[in-house]
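Undergrad:
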Amino acid sequence: MQDFIQHIINGVSLGSIYALIALGYTMVYGILKMINFAHSDVYMVGAFAAYYFARFLGIENNPGIATLITLLVVAMVCCSLLGLAIERLAYRPLRKAPKLNILITAIGVSLFLEYSGQVVFGADPKVFPEVMKDFVLFKIGDVELKSFDITVLLVSVIAMLALEFLIFKTKIGRAMRAVSSNASVASLLGVNPDRIIAFTFIVGSSLAGVGSVLVGMKYPKIDPLMGMMIGLKAFVAAVLGGIGNVGGAVLGALIMGLSEEMVVAYLSSTYRDAFAFGILIIILIFRPAGLLGKYSVEKV
Amino acid sequence: MSSSLLTIENLEVFYGSIQALKGISFSVNTGEIVSLIGANGAGKTTTLRAISGLVPNKGNISFAGQNLNVVPTFKRVSLGLAQSPEGRGVFPQMSIYENLEMGAYSRTDKAQIKTDMEMCFELFPRLKERLSQMAGTLSGGEQQMLAISRALMCKPKMLLLDEPSLGLAPLVVAQIFEIIKKLNKEGMTILLVEQNARMALKISHRAYVLETGRIVMQDSAESLLNNDEVRKSYLGI
Ligand SMILES: Nc1ncnc2c1ncn2[C@@H]1O[C@H](COP(=O)(O)OP(=O)(O)OP(=O)(O)O)[C@@H](O)[C@H]1O
Ligand SMILES: [Mg+2]
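For the protein sequence lines, the chains are R and P, in the order given.
At position 274 of the first sequence (counting the first as 1) the number is 263 in our numbering, and the numbers step up by one without a gap.
Count along the second sequence from 1, then add 5; that gives the number in our numbering.
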């Protein structure tokens, strides 16, 4: 029983990391109806930005809240700028082009970042700065709540609540929802869709930046291809929840994190990654719109 | 008498190789209701889309003395041009209240926004009763009321209405037309696109008849109502 609860905690912690990345896929999809394949590489660049910045400041062996916050901010800013640049340089010129062209461009940007990453950062894994010491924070019975898991949970919950507030309670969030629902009507009302799209990339990318630092803390080996597998799983999570649906992305990610943890714990770690693909295939067959995805009802 | 608020000269619109508007010219004066009538596919919606800048076009559009050709869609609303588009275009996943707030997106006069929202509720009390209902679950007539109100929330000098009567019960149609008339009496200039030519002509000052991308007739609404050709083709008499 304690084992099971421990696995739940680990699974939720893993799931919240997937959620931070899945949100970027789903938000961009919601507004542009495209899969931003480069998103996972923006995440990777966030990890490297934090790595180099920590070395620059000499805080790579200086675990603590201050280091955590500094690196979170650095990764968020760098990811935002990169996401913004990708949108501006690669996607915006293709706004009126067929969807397939944009999709292929997204794959191109992703490969470009992965391979330039190998040239610039080197292909060998690097050791991520020590953001925090991993110690047992609480013990309930035999269940251990470790500082890493609590940090991951706290930071992702704060990020997601902030996102929820942004999308549902602010004027710019309302404009984001309006553009994603009907961009030309939104522009009739005075919304500049390009600005809102750029802003969406900033928000999605900075969440990926948060994710990159949390992953770096928990699994401190980073390399230029580190985004591939986690990006894929986050993408599956977004599809599972219903791509374009913000709440769905979080739900899908939690399911992915929990089931991955359970598969590893009770079946075999060999199936860890195969499981994600299995889920993808099953949703595509039985519920292509995802768990919370719905075909919008519009009266004519 | 009154000055021209909107002037269109030689407007042409192409969709790929199809020419939807073949060089039309017309104007709307301050304080008028002007109707564009014509059969399906005549180019009425295209005309409104061009005025709002949603389709690329040739020719000249000027509004309140300013040439609109280089003004992007999202800036036209703050010049005083609001459109309630064909098919209403309400945001289905947003509440009535949020849809109305979207109408006021480019405004900063908070107190006045509140007053204007109250004015919409006076025009359409139904909206006030359902403030938090999702727009996608409203009936067609209620959505139309919302779309018009949302355009009013832009605080425009001129309202472009695309088929406000489409798909509505006769009683609701009459109600909507009453409100259009009332808005105009209070000073709103209106360009109205309608299938329901009779109702449109009854409340309009002037009208233009569009046929496959060309203006084929223009006159005071009263004369058009009595014009034999119009009666035969558009009024079904
Ligand atoms: N996006 C488009 N692509 C290609 N052709 C289009 C497009 N939109 C409109 N058209 C064509 O342009 C012409 C004018 O269309 P428009 O929608 O302006 O007509 P309308 O007068 O509003 O008709 P209705 O009364 O049916 O609404 C039609 O022949 C239509 O098929
Ligand atoms: Mg039309």
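Every residue gets a Cβ at the ideal spot worked out from N, C-alpha and C, and that includes glycine.
At 7 Å on the CB atoms, spell out the chain P contacts of R:A164, in chain order.
TA: Per Cβ cutoff of 7 Å: Y110.
Undergrad: Compare the C-beta of P:G146 against all C-beta atoms of chain R and say whether one is closer than 8 Å.
TA: It does not; no Cβ of chain R falls within 8 Å.
Undergrad: Leaving aside the five residues before and after R:L92 along the sequence, list all residues of the same chain whose C-beta is less than 7 Å from its C-beta, in chain order.
TA: Closer than 7 Å at the Cβ level, and outside the excluded window around R:L92, lie M23, I24.
Undergrad: Three-state secondary structure (DSSP) at P:Q180?
TA: It is helical.
Undergrad: Could you check whether the Cβ of R:G13 sits closer than 8 Å to any Cβ belonging to chain P?
TA: So, not an interface residue.
Undergrad: Between which two residues does the alpha helix (DSSP H) holding P:D167 run?
TA: Careful: P:D167 lies outside any alpha helix (DSSP H), inside the beta strand (DSSP E) at 163 to 167.
Undergrad: Only counting the same chain, and skipping five residues up and downstream in sequence, which positions put a Cβ closer than 8 Å to that of P:L16?
TA: Counting only Cβ-Cβ distances below 8 Å, and skipping sequence neighbours, we find L26, G28, I29, S30, T52, A55, N62, K63, G64, N65, I66.
Undergrad: Based on Cα-Cα distance, which residue from R:R81, R:Y208, R:P182 lies nearest to R:V303?
TA: Because residue 303 of chain R is not part of the residues shown, which for chain R are -10 to 289, the question remains open.
Undergrad: So, using beta-carbon positions, are P:L215 and P:G43 closer together than 8 Å?
TA: Going by C-beta atoms, P:L215 is nearer than 8 Å to P:G43.
Undergrad: Would R:N90 count as contacting chain P if we go by Cβ distances under 8 Å?
TA: Chain P, which has no Cβ nearer than 8 Å to the Cβ of R:N90, makes this no.
Undergrad: Could you tell me whether any non-hydrogen atom of ligand 3 is closer than 7 Å to the CB of P:K49?
TA: Annotation note on ligand 3: not contained in the displayed structure, which lists ligand 1 and ligand 2 as its ligands.
Undergrad: Buried or exposed, going by whether 16 or more other CB atoms sit within 10 Å of the CB of P:Q149?
TA: Buried is the call here.
Undergrad: Kindly list, in the order they appear in chain R, the residues whose Cβ is closer than 9 Å to that of P:C159.
TA: What P:C159 touches in chain R: L177, L178, G179.
Undergrad: For ligand 1, is there a heavy atom less than 7 Å away from the beta-carbon of P:A25?
TA: Yes, since a heavy atom of ligand 1 falls inside the 7 Å radius drawn around the Cβ of P:A25.
Undergrad: Taking 8 Å as the threshold (beta carbon to beta carbon), is R:V239 in contact with chain P?
TA: Answer no: the Cβ-Cβ gap between R:V239 and chain P never drops below 8 Å.
Undergrad: Output the distance between the C-alpha atoms of R:A238 and R:A11, rounded to the nearest integer angstrom.
TA: When rounded, the distance between both Cα atoms is 6 Å.
Undergrad: Between P:E127 and P:L164, what straight-line distance do the alpha-carbon atoms span, to the nearest angstrom?
TA: C-alpha separation (whole angstroms): 18 Å.
Undergrad: What separation, rounded to the nearest whole angstrom, lies between the Cα atoms of P:Q180 and P:S144?
TA: Rounded to whole angstroms, P:Q180 to P:S144 spans 15 Å at the Cα level.
Undergrad: With the cut-off set at 8 Å, would you say R:A74 and R:S201 are in Cβ contact?
TA: Taking 8 Å as the Cβ cut-off, R:A74 and R:S201 do not qualify as a contacting pair.
Undergrad: Identify whether P:R211 lies in helix, strand or coil by the three-state DSSP scheme.
TA: Note: P:R211 maps to strand in three-state DSSP.
Undergrad: Is the CB of P:G85 under 8 Å away from at least one CB in chain R?
TA: Not closer than 8 Å to any Cβ of chain R, the Cβ of P:G85 fails to qualify, so no.
Undergrad: Against chain P, with Cβ distances strictly below 8 Å, would R:A167 count as a contact?
TA: With 8 Å as the cut-off, R:A167 counts as an interface residue toward chain P.
Undergrad: Have a look at R:S105 and P:I153 and give me their C-alpha separation to the nearest angstrom.
TA: Taking the straight line joining both Cα atoms gives about 52 Å.
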